[in-house]
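Step one of this worksheet: look at the structure below.
Residue numbers (my numbering): 36 to 295.
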């Protein structure tokens with residue numbers, strides 16, 4: 036299995052069609068990002084939604100209109116080709132998944148790169164904490180919750196969360212480790228009983244893969260950038276592109292650049 040260790044290698048493999056898999060554990064130590072691409076006439080409304088909901092939607096970069104290069108976090112990259120997998124939406128409906136969006140690109144599009152919890156997983160591993168989906172070579176499990184984000188006139192969404200099981204003691208340590216990474220969703224939003232978030236079955240995530248929860252462990256939940264995809268489904272824009280859940284963009288920034 037291809038396992039690139041630096042961002043330029045990762046993006047090259049995506050660009051030539053040789054890498055199509057979830058990105059947990061790839062290019063460890065480098066910032067990963069969610070992708071949302073919208074027409075310019077919706078860009079301000081989406082920006083406002085993100086600013087009102089910084090926990091699930093921390094903005095790392097925004098491209099110029101019609102320009103696929105994220106100049107702030109990955110100079111020379113091309114968001115049309117440099118992710119492993121994309122989702123294409125029309126009027127809020129997922130119509131296609133693809134590994135290249137060049138044919139869909141338009142001169143009126145704006146791309147948003149949004150922080151991802153994969154960016155604090157190296158710090159968790161370095162602290163001796165378990166990251167179960169990496170251990171099991173899976174995508175992280177993600178769930179829609181009963182918590183509503185702050186809406187504006189165009190975008191609204193339930194909060195989506197990612198989950199990592201930990202012992203209670205390790206959960207406390209995970210709060211300490213991840214709280215430094217506000218631009219990667221920061222500290223957990225909930226520890227323990229998933230029903231308090233409106234989640235009834237951890238074995239059936241809405242996105243990603245179920246992982247093993249061992250005896251003595253509790254589920255730990257972080258805000259997740261896939262929240263933006265549920266916002267798109269509700270808003271039903273004429274056209275939108277996102278990353279496929281778990282198939283992130285890997286930037287040139289080191290994780291430490293997001294740590295406070």
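C-beta: ideal position from N, C-alpha, C; glycine also.
The continuous beta strand (DSSP E) containing residue 125 extends over residues 121-125. Within the stretch 113-185, the complete beta strand (DSSP E) segments at least 3 residues long are 121-125, 128-133, 144-150 and 177-183, listed from N- to C-terminus.
The alpha-carbon of residue 225 is positioned some 13 Å away from that of residue 90. The stretch 181-237 contains, as complete alpha helix (DSSP H) runs of 4+ residues, the segments 203-213 (chain order).
About 18 Å separates the beta carbons of residue 205 and residue 237, which is beyond the 8 Å limit, so they are not a contact pair. Under the three-state reduction of DSSP output, residue 108 falls in the coil class, being neither helix nor strand. The C-alpha of residue 293 lies about 33 Å from the C-alpha of residue 273.
With fewer than 16 neighbouring CB atoms inside 10 Å of its own CB, residue 75 falls in the exposed class. Counting along the chain, residue 267 sits inside the alpha helix (DSSP H) bounded by residues 262-270.
In the DSSP assignment, residue 74 falls outside any alpha helix (DSSP H) and lies within the beta strand (DSSP E) extending over 65-74. Among the bridge pairs identified by DSSP, residue 78 is matched with none. For residue 256, the pairing in a beta bridge is given by DSSP as 198 and 225. An exposed status is given to residue 235, since fewer than 16 other beta-carbon atoms sit within 10 Å of its beta-carbon. DSSP, reduced to helix, strand and coil, places residue 46 within a helical segment of the structure shown. For the 7 Å CB-CB criterion, residue 150 and residue 106 do not form a contact. The bridge partners DSSP lists for residue 96 are 148.
CA-CA distance, residue 60 to residue 200, rounds to 17 Å.
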